[in-house]
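Inspection log for the structure reproduced underneath, given as structure tokens.
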Amino acid sequence: MSTFEQRRRVAFAVARKDLTIEWNSRILVNQVAPFAAIIMVLFAFALDNEGILQRVAPGLVWLATLFSMLVVIQRTFAVESADGALDALRVAGVDPSAIFIGKSLALMVQLFALELLLVGTAVVLYGVEMSLVGFAEAIVTLLTATVGLACVGTLYGGLAAGARGRETLLPLLLLPVVAPVLIGATRATEAAFGSGGAQVSEGWPWILLLAVFAVIFAVVGSVAFGPLVDE
Amino acid sequence: METVIELKGVVAVLGSFPALAGVSLSVQRGEILLLQGPNGAGKTSLLRVCAGLMPIERGTGSILGIDLATNRQDIRTRVGLLGHTNGLYLDLTVEQNIQFWASTVGASQEEVANAMSTMRVDGRLAKVKAGQLSAGQRRRTALASLIVRRAEIWLLDEPHAGLDAAGRDELDALLRNAVAAGATVVLASHESERAAGLATRTVTVDGGGAR
Numbered sequence: 001m002s003t004f005e006q007r008r009r010v011a012f013a014v015a016r017k018d019l020t021i022e023w024n025s026r027i028l029v030n031q032v033a034p035f036a037a038i039i040m041v042l043f044a045f046a047l048d049n050e051g052i053l054q055r056v057a058p059g060l061v062w063l064a065t066l067f068s069m070l071v072v073i074q075r076t077f078a079v080e081s082a083d084g085a086l087d088a089l090r091v092a093g094v095d096p097s098a099i100f101i102g103k104s105l106a107l108m109v110q111l112f113a114l115e116l117l118l119v120g121t122a123v124v125l126y127g128v129e130m131s132l133v134g135f136a137e138a139i140v141t142l143l144t145a146t147v148g149l150a151c152v153g154t155l156y157g158g159l160a161a162g163a164r165g166r167e168t169l170l171p172l173l174l175l176p177v178v179a180p181v182l183i184g185a186t187r188a189t190e191a192a193f194g195s196g197g198a199q200v201s202e203g204w205p206w207i208l209l210l211a212v213f214a215v216i217f218a219v220v221g222s223v224a225f226g227p228l229v230d231e
Numbered sequence: 001m002e003t004v005i006e007l008k009g010v011v012a013v014l015g016s017f018p019a020l021a022g023v024s025l026s027v028q029r030g031e032i033l034l035l036q037g038p039n040g041a042g043k044t045s046l047l048r049v050c051a052g053l054m055p056i057e058r059g060t061g062s063i064l065g066i067d068l069a070t071n072r073q074d075i076r077t078r079v080g081l082l083g084h085t086n087g088l089y090l091d092l093t094v095e096q097n098i099q100f101w102a103s104t105v106g107a108s109q110e111e112v113a114n115a116m117s118t119m120r121v122d123g124r125l126a127k128v129k130a131g132q133l134s135a136g137q138r139r140r141t142a143l144a145s146l147i148v149r150r151a152e153i154w155l156l157d158e159p160h161a162g163l164d165a166a167g168r169d170e171l172d173a174l175l176r177n178a179v180a181a182g183a184t185v186v187l188a189s190h191e192s193e194r195a196a197g198l199a200t201r202t203v204t205v206d207g208g209g210a211r
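The following block contains the structure:
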């Protein structure tokens, strides 16, 4: 069997395993999604003005995504360290880049579901309206931003997993790195929502930035995850 | 006889502490080698070196003919280490855990069923989450995972811990069967009387050395 085929098989096994864990435990559905929705409601209380909310809705969606993502990443590596499973994967010589790809894929699925919920909440709570083209741009934005966030989240989650004080270390390490995604995704979503008179066409350069970020961290993560986890 | 583990003057460091100080050891295929010695003697470090997890600072070594200094990743795919933790996913069922390990090496459904049956984690227990198992049941599930991974050398750190009397007898029988099928077993155990009855040879590890 070729190395590529082996890597593909292990990556899908890891992704399926992470999603099965979520299906069995329902942490995303029962805890993270309500947490994200509560953040959106609290933003609505804090900025209790429909005009302001519509204008800042894209930024609020992505801030809520980042905060919720931290919880999901902590969780996805907590299940690995609870009974030494990540160590067992290392011991078994499982290809680290396949582990990285598998965990990133599972994180993408979970983040995308969460983002759809948050955009839906913004539409309902903040009165956001979208054209059909804007809706398509919003979906492309979600997809490209999700790939970048999942890759960088998996990389830094793996880095923090073995460290003392990992719960506080992860946000410190991760939030500055994902600042470009926050900026790019917010601008692209503003264009999709038409916030502050933005045009849909203004969003595409930002989506390109998100795509570049995603590619960089997918490549860096595949190469660096093994040495990071091994340390 | 084929030599599967060959260490010559191996020095390994844990932080700044010399965990192994010039260990020389030779293990033949089909042996059950017992490592005995007090806590902190270096038994676990020796197992981790043999698993390709701990780098060696000095000396030379090969596992299954693979150089320990240059190719530890290849060694890991051919040996199985069961340490103090079981390496299970507590939110997955017993069957899902073993299926996962099987899928990482492409093991068949038949191998999964055989491994679960051998370690008595089939039937009703197969559908129980690992987090709800007793310590002994978790240990048996971890051993079943080791079986489906088709490890050629089994490195076991306190394998009898948490098992009841019947489980210990079954483990001993399993290890003898594994050896009969061509595997080699190196185990560290404080239960010296039981383990000595199982082992074909005993090595004492103390102060980072082996004799």
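Chains as they are written, first to last, in the UniProt record's numbering: chain A, 1 to 231; chain B, 1 to 211.
We treat Cβ as the ideally placed atom computed from N, Cα and C, and that holds for glycine.
The model shown is predicted, which means the values in this text are computed figures rather than measured ones.
Expressed to the nearest angstrom, what Euclidean distance is found between the alpha-carbon atoms of residue 217 of chain B and B/Leu46?
Residue 217 of chain B lies beyond the residue range present for chain B, which begins at 1 and ends at 211; the question has no answer from this structure.
Taking Cβ to Cβ, would you say B/Ile147 is nearer than 8 Å to B/Thr184?
The residue given as residue 147 of chain B occupies position 147 in the second sequence. The residue given as residue 184 of chain B occupies position 184 in the second sequence. Contact: no.
Can you give me the C-alpha to C-alpha distance between B/Leu7 and B/Ser24, rounded to a whole angstrom?
One-based indexing of the second sequence puts residue 7 of chain B at position 7. One-based indexing of the second sequence puts residue 24 of chain B at position 24. Each residue's Cα considered, the two are about 5 Å apart.
Which of helix, strand or coil does DSSP assign to B/Glu6?
Numbered from its first residue, the second sequence carries residue 6 of chain B at position 6. B/Glu6 falls in the strand class under three-state DSSP.
Is it buried or exposed, B/Lys127, if we count other Cβ atoms within 10 angstroms and call 16 or more buried?
Mapped onto the second sequence, residue 127 of chain B falls at position 127. So B/Lys127 counts as exposed.
From A/Leu66 to B/Gln36, what does the alpha carbon distance come to, in whole angstroms?
The sequence position of residue 66 of chain A within the first sequence is 66, counting from 1. The sequence position of residue 36 of chain B within the second sequence is 36, counting from 1. When rounded, the distance between both Cα atoms is 50 Å.
Assuming B/Gly131 and B/Leu90 are in contact, meaning their beta carbons sit under 8 Å apart, how far apart are those beta carbons, in whole angstroms?
Here residue 131 of chain B is taken as the residue at index 131 of the second sequence, counted from 1. Here residue 90 of chain B is taken as the residue at index 90 of the second sequence, counted from 1. The pair is a contact, with the Cβ atoms about 3 Å apart (cut-off 8 Å).
Proximal chain B residues relative to A/Lys103, where beta-carbon distance stays under 7 Å:
To locate residue 103 of chain A, count along the first sequence from 1; it is residue 103. Under the 7 Å cutoff, chain B gives no residues; its nearest Cβ is about 13 Å from A/Lys103.
So if I threshold CB-CB distances at 7 Å, which residues from the segment 157-189 of chain B count as touching chain A?
If the cut-off is 7 Å between Cβ atoms, the segment 157-189 of chain B has nothing near chain A.
Spell out whether any CB of chain A is found under 8 Å from the CB atom of B/Phe17.
Taking the second sequence and counting its residues from 1, one reaches residue 17 of chain B at position 17. Cβ-Cβ to chain A under 8 Å: no for B/Phe17.
So if DSSP puts B/Val205 in a beta bridge, which residue, or which two residues, is it bridged to?
For the purposes of this step, residue 205 of chain B is taken as the residue at position 205 of the second sequence. B/Ala210, per the DSSP bridge assignment.
Are the CB atoms of A/Ala88 and B/Gly22 within a distance shorter than 8 Å?
Stepping through the second sequence from its first residue, residue 22 of chain B is reached at position 22. Stepping through the first sequence from its first residue, residue 88 of chain A is reached at position 88. With contacts defined as CB atoms closer than 8 Å, B/Gly22 and A/Ala88 fail to qualify as a contacting pair.
Going straight from the alpha carbon of B/Gly83 to that of B/Leu156, what length do you get?
Position 83 of the second sequence, counted from the first residue, corresponds to residue 83 of chain B. Position 156 of the second sequence, counted from the first residue, corresponds to residue 156 of chain B. About 6 Å.
Take A/Phe193 as the anchor and find which of A/Gly158, A/Leu143 and A/Glu137 has the nearest alpha-carbon.
For the purposes of this step, residue 193 of chain A is identified with residue 193 of the first sequence, where counting begins at 1. Nearest C-alpha to A/Phe193: A/Glu137.
Beta-ladder partner(s) of B/Thr77, from DSSP:
Residue 77 of chain B sits at position 77 when you count from the first residue of the second sequence. DSSP lists no partner for B/Thr77.
May I ask you to report which of helix, strand or coil DSSP gives A/Val223?
Here the question's residue 223 of chain A lines up with position 223 in the first sequence. In the structure shown, A/Val223 sits in a helix (DSSP, three-state: H, G or I).
Run through chain B and tell me which residues come within less than 8 Å of A/Asp87, C-beta to C-beta.
Here the question's residue 87 of chain A lines up with position 87 in the first sequence. Result: Gly83, Thr85 and Gly87.
Neighbourhood of B/His190 by C-beta, 7 Å cutoff - its chain only, sequence neighbours within 5 removed
Reading the second sequence from its first residue, position 190 is the one you call residue 190 of chain B. Contacts found: Glu158.
Please classify A/Trp23: is it buried, with 16 or more other beta-carbons within 10 angstroms of its beta-carbon, or exposed?
Numbered from 1 along the first sequence, position 23 holds the residue referred to as residue 23 of chain A. Exposed is the call here.
Check whether the Cβ atoms of A/Ala64 and A/Leu53 lie closer than 8 Å to each other.
As a position in the first sequence, residue 64 of chain A is number 64, starting the count at 1. As a position in the first sequence, residue 53 of chain A is number 53, starting the count at 1. Going by C-beta atoms, A/Ala64 is not nearer than 8 Å to A/Leu53.
When you check each C-beta in the segment 108-132 of chain B against every C-beta of chain D, which residues fall closer than 9 Å?
The structure shown has no chain D; the protein chains it does contain are A and B.
Using the three-state DSSP reduction, which class does A/Asp48 fall into: helix, strand or coil?
Indexing the first sequence from 1 puts residue 48 of chain A at position 48. Of the three classes helix, strand and coil, the one that applies to A/Asp48 here is coil, per DSSP.
List the DSSP bridge partners of B/Phe17.
Along the second sequence, read from residue 1 onward, the residue named residue 17 of chain B stands at position 17. For B/Phe17, which the question treats as bridged, DSSP gives the partners B/Leu14.
Strictly under 8 Å for the Cβ-Cβ distance: is A/Ala92 near chain B by that measure?
Numbered from 1 along the first sequence, position 92 holds the residue referred to as residue 92 of chain A. Yes, A/Ala92 counts as interfacial toward chain B.
State the DSSP-derived secondary structure class of A/Gln199, mapped to helix, strand or coil.
On the first sequence, position 199 is the one that residue 199 of chain A refers to. For A/Gln199, the secondary structure class from DSSP, reduced to helix, strand or coil, is coil.
CB-CB length for A/Leu155 against A/Val220, believed under 8 Å
On the first sequence, position 155 is the one that residue 155 of chain A refers to. On the first sequence, position 220 is the one that residue 220 of chain A refers to. Right, their Cβ atoms sit about 7 Å apart.
Under a Cβ-count criterion, where at least 16 other Cβ atoms within 10 Å of its own Cβ denotes burial, should A/Phe26 be classed as buried or exposed?
For the purposes of this step, residue 26 of chain A is taken as the residue at position 26 of the first sequence. First, the residue type needs correcting, since residue 26 of chain A is Arg and not Phe in the sequence shown. Around the beta carbon of A/Arg26, fewer than 16 other beta carbons lie within 10 angstroms, which makes this residue exposed.
Please tell me whether, using a cut-off of 7 Å, the distance from the CB of A/Lys103 to the nearest non-hydrogen atom of the ligand ZN is below it.
As presented, the structure is devoid of all ligands, the ligand ZN included, so that no description of it is given.
B/Glu95 classed as buried or exposed, judged by whether at least 16 other C-beta atoms fall within 10 angstroms:
Counting from one through the second sequence, the residue named residue 95 of chain B turns up at place 95. Looking at its Cβ environment, which holds 16 or more other Cβ atoms inside 10 Å, B/Glu95 is buried.
For the candidate residues A/Ala163, A/Gly102 and A/Val123, whose alpha-carbon lies nearest to that of A/Leu19?
Reading the first sequence from its first residue, position 19 is the one you call residue 19 of chain A. Of A/Ala163, A/Gly102 and A/Val123, the residue nearest in Cα terms is A/Gly102.
Anticipated Cβ contact below 8 Å, A/Ala188 with A/Leu210, distance rounded
Stepping through the first sequence from its first residue, residue 188 of chain A is reached at position 188. Stepping through the first sequence from its first residue, residue 210 of chain A is reached at position 210. Correct: roughly 7 Å between the Cβ atoms.
Name the residue from B/Gly30, B/Leu175 and B/Ile66 whose alpha carbon lies nearest to the alpha carbon of B/Ala51.
For this step, residue 51 of chain B is matched to residue 51 along the second sequence. Nearest neighbour of B/Ala51 by Cα position, chosen from B/Gly30, B/Leu175 and B/Ile66, turns out to be B/Ile66.
List, from N- to C-terminal side, the beta strand (DSSP E) runs of 3 residues or more that fit wholly inside the segment 51-107 of chain B.
Runs of the beta strand (DSSP E) lying entirely within the segment 51-107 of chain B and spanning at least 3 residues, in chain order: 58-63 and 79-82.
CA-CA distance, B/Val179 and B/Gly162?
By one-based count along the second sequence, residue 179 of chain B stands at place 179. By one-based count along the second sequence, residue 162 of chain B stands at place 162. Distance between the alpha carbons of B/Val179 and B/Gly162 is about 23 Å.
Closer than 9 Å, Cβ to Cβ, to anything on chain B: give me those residues from the segment 47-75 of chain A, in chain order.
So nothing in the stretch comes that close.
Between which two residues does the beta strand (DSSP E) holding B/Val185 run?
Within the second sequence, numbered from 1, the residue matching residue 185 of chain B stands at position 185. Unbroken beta strand (DSSP E) run through B/Val185: Thr184 to Ala188.
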